[in-house]
Amino acid sequence: MKIRLKLTRFLPPLFYAVIGYIVINSVVTFLQDLGRDKDVNSEQYRKLLNEKRMDLEETIFDLTTEENERFIREDWWKLMETIQVERKFRLRKVCQSLYNRTAQDTTYLAYHKNQLRSLIVNDKFRFIYSIVYKVGSTNWERVIVQDLEGFLNVPNQKLYSHRALQWMPKFKEEQVKEYLDTYTKFMFVRNPLSRILSGYRDKFVDHKNSVFASLARRIIKQYRTGSAAEISSPNVTFTEFISYLIESAENRGNPHWKPIYVQNMPCEIDFDIIGRLEDASDDIPYVLKKIGIWNETDYGKGPARKNTDAELLERYYSQVPTKLLKELYSIYEPDFHMFGYDMPLFV
Numbered sequence: 001m002k003i004r005l006k007l008t009r010f011l012p013p014l015f016y017a018v019i020g021y022i023v024i025n026s027v028v029t030f031l032q033d034l035g036r037d038k039d040v041n042s043e044q045y046r047k048l049l050n051e052k053r054m055d056l057e058e059t060i061f062d063l064t065t066e067e068n069e070r071f072i073r074e075d076w077w078k079l080m081e082t083i084q085v086e087r088k089f090r091l092r093k094v095c096q097s098l099y100n101r102t103a104q105d106t107t108y109l110a111y112h113k114n115q116l117r118s119l120i121v122n123d124k125f126r127f128i129y130s131i132v133y134k135v136g137s138t139n140w141e142r143v144i145v146q147d148l149e150g151f152l153n154v155p156n157q158k159l160y161s162h163r164a165l166q167w168m169p170k171f172k173e174e175q176v177k178e179y180l181d182t183y184t185k186f187m188f189v190r191n192p193l194s195r196i197l198s199g200y201r202d203k204f205v206d207h208k209n210s211v212f213a214s215l216a217r218r219i220i221k222q223y224r225t226g227s228a229a230e231i232s233s234p235n236v237t238f239t240e241f242i243s244y245l246i247e248s249a250e251n252r253g254n255p256h257w258k259p260i261y262v263q264n265m266p267c268e269i270d271f272d273i274i275g276r277l278e279d280a281s282d283d284i285p286y287v288l289k290k291i292g293i294w295n296e297t298d299y300g301k302g303p304a305r306k307n308t309d310a311e312l313l314e315r316y317y318s319q320v321p322t323k324l325l326k327e328l329y330s331i332y333e334p335d336f337h338m339f340g341y342d343m344p345l346f347v
């Protein structure tokens, strides 16, 4: 229901500020209640925010630009907090359903610290980043390195081993437990189909290197049938790659396309923030502000990828037989449920 208030220009500016505050908090309270009671996704939240913005603009049109922007910023922050409540609630619910896990046991995790190979610790700002490959991980590594070492021109392939990155397994058990109990823990996720396709294009199409060239030869040898000329072609098709993923699922495969529920242990680790690459324009600023480095670094602008992703997904996955798609989905199904992704209609 739209809120329309008739304001006169004879009323003091303070009145407008009070009305604006009431509008903001009434809508945010509604969103928070909705997030607690129902399984609501980010798109629904953003639709409600856009409606609220229109109401707010009509309500406080006599406020100064600075005051108006402040109200919008405050409401955006409350909205982002509400979205996090919904995402974490969904994750806990799925973890309980699939694995009967409801709480973080940091003593157990510290004892098995070698399983925490995806976690990077930052002592300066007291946060833990759980790296997920093909979800903007290189940019986050660069953020951490540039904050601790200055603005360095470090090649992407050398970021992973940079001395500024402190990986969790290197610490003693008591330190691991303290970090998990007290530091802000965050991760970014992505639609599993988009992440798989990104890994394929990056490693076998756009940026070929010797490591993955060797894997490409193995995939072709195992999954390709045809003439000798076709077999000798170094280009792995997307269907061949999907076949490889399915058959290598038991040994969990390469971290660039390993399922998040396996690699990042979201059911074992109680993450404070779950960002989504599809919502990067909001989620990245929110995370940077939350961990306290908004003014310290430059993450860089992420590409607008929604339309591009949809077109690429349909182009590539439409080539894959339905039987293989169903098998692929069964492997990544927990990721879909945990992070609120739906299978596209064309799959």
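At position 112 of the sequence shown the residue is numbered 112 (the numbering used here), and the sequence of numbers has no breaks. Positions of the beta carbon are idealized from the N, C-alpha and C atoms, including for glycine.
Report the three-state DSSP secondary structure of glycine 275 (helix, strand or coil).
-> In the sequence shown, the residue the question calls residue 275 occupies position 275. Look at glycine 275 here: in three-state DSSP terms it is strand.
Proximity to methionine 338 [Cα-Cα], best of Phe188, Ala110, Arg73 | One-based indexing of the sequence shown puts residue 338 at position 338. When each option's Cα is compared against that of methionine 338, the closest is Phe188.
CB of glutamate 327 within 8 Å of CB of isoleucine 260, strictly = On the sequence shown, position 327 is the one that residue 327 refers to. On the sequence shown, position 260 is the one that residue 260 refers to. Taking the C-beta atoms as reference points, isoleucine 260 is found no nearer than 8 Å to glutamate 327.
Residues that tryptophan 167 bridges to, as DSSP identifies them = As a position in the sequence shown, residue 167 is number 167, starting the count at 1. Paired residues: Ile120.
Whose C-alpha, out of Phe204, Val94, Thr102, Phe127, is nearest the C-alpha of aspartate 181?
-> As a first step, residue 181 is located in the sequence shown; it is residue number 181 there, counting from the start. Nearest C-alpha to aspartate 181: Phe127.
Helix, strand or coil for isoleucine 269, going by three-state DSSP, please let me know.
-> The count along the sequence shown starts at 1 and reaches residue 269 at position 269. Here isoleucine 269 sits in coil by DSSP.
Name the one or two DSSP bridge partners that tyrosine 129 has.
-> As a working note, residue 129 is residue 129 in the sequence shown. Partner(s): Ile120, Phe186.
Secondary structure at lysine 221, three-state DSSP: helix, strand or coil?
-> Locating residue 221 in the sequence shown gives position 221, counting from the first residue. If DSSP states are grouped into helix, strand and coil, lysine 221 belongs with the helices.
Is the distance from the Cβ of leucine 313 to the Cβ of valine 135 below 8 Å?
-> Translated into the one-based positions of the sequence shown, residue 313 becomes position 313. Translated into the one-based positions of the sequence shown, residue 135 becomes position 135. Against a cut-off of 8 Å, the Cβ pair of valine 135 and leucine 313 comes out as no contact.
Hey, quick one: how far does the alpha helix (DSSP H) through histidine 112 stretch, first residue to last?
-> As a first step, residue 112 must be located in the sequence shown, where it is residue number 112. It is not in any alpha helix (DSSP H) - histidine 112 carries neither H nor E in the DSSP assignment.
Under 8 Å between the Cβ atoms of proline 192 and aspartate 335?
-> Within the sequence shown, numbered from 1, the residue matching residue 192 stands at position 192. Within the sequence shown, numbered from 1, the residue matching residue 335 stands at position 335. In terms of Cβ geometry, proline 192 and aspartate 335 form a close pair [threshold 8 Å].
Give me the Cα-Cα distance between lysine 289 and proline 321, rounded to the nearest whole angstrom.
-> As a working note, residue 289 is residue 289 in the sequence shown. As a working note, residue 321 is residue 321 in the sequence shown. Lysine 289 and proline 321 have their C-alpha atoms some 44 Å from each other.
Rounded separation between methionine 287 and alanine 310 - CA only = The residue given as residue 287 occupies position 287 in the sequence shown. The residue given as residue 310 occupies position 310 in the sequence shown. Checking the sequence, you will find valine at residue 287 rather than methionine. Per the coordinates, the alpha-carbon of valine 287 lies some 26 Å from the alpha-carbon of alanine 310.
At what residues does the alpha helix (DSSP H) containing histidine 400 begin and finish?
-> The first residue shown for the chain is 1 and the last is 347, placing residue 400 beyond what the model contains.
If you count every other CB in all the chains shown that lies within 10 Å of the CB of arginine 361, and 16 or more means buried, which is it?
-> The chain is shown from 1 up to 347; residue 361 falls before or after that span and cannot be answered.
Please report the residue range of the alpha helix (DSSP H) in which glycine 199 lies.
-> In the sequence shown, counting from the first residue as 1, residue 199 sits at position 199. Annotation: the continuous alpha helix (DSSP H) that includes glycine 199 extends over 192-200.
What is the residue span of the alpha helix (DSSP H) that proline 285 lies within?
-> On the sequence shown, position 285 is the one that residue 285 refers to. Following the DSSP letters along the chain, one finds proline 285 inside the alpha helix (DSSP H) bounded by residues 280-290.
State whether the stretch 97-116 contacts the stretch 264-279, with contact taken as three or more CB pairs (one from each stretch) at a distance under 8 Å.
-> The answer is yes - the stretch 264-279 touches the stretch 97-116, with three or more Cβ pairs under 8 Å.
Less than 8 Å separating the beta-carbons of asparagine 254 and proline 169?
-> Looking up residue 254 in the sequence shown gives position 254. Looking up residue 169 in the sequence shown gives position 169. Not closer than 8 Å, so no.
Do tyrosine 179 and phenylalanine 238 have their CB atoms nearer than 8 Å?
-> Position 179 of the sequence shown holds residue 179. Position 238 of the sequence shown holds residue 238. No, Cβ-Cβ distance for tyrosine 179 and phenylalanine 238 is not below 8 Å.
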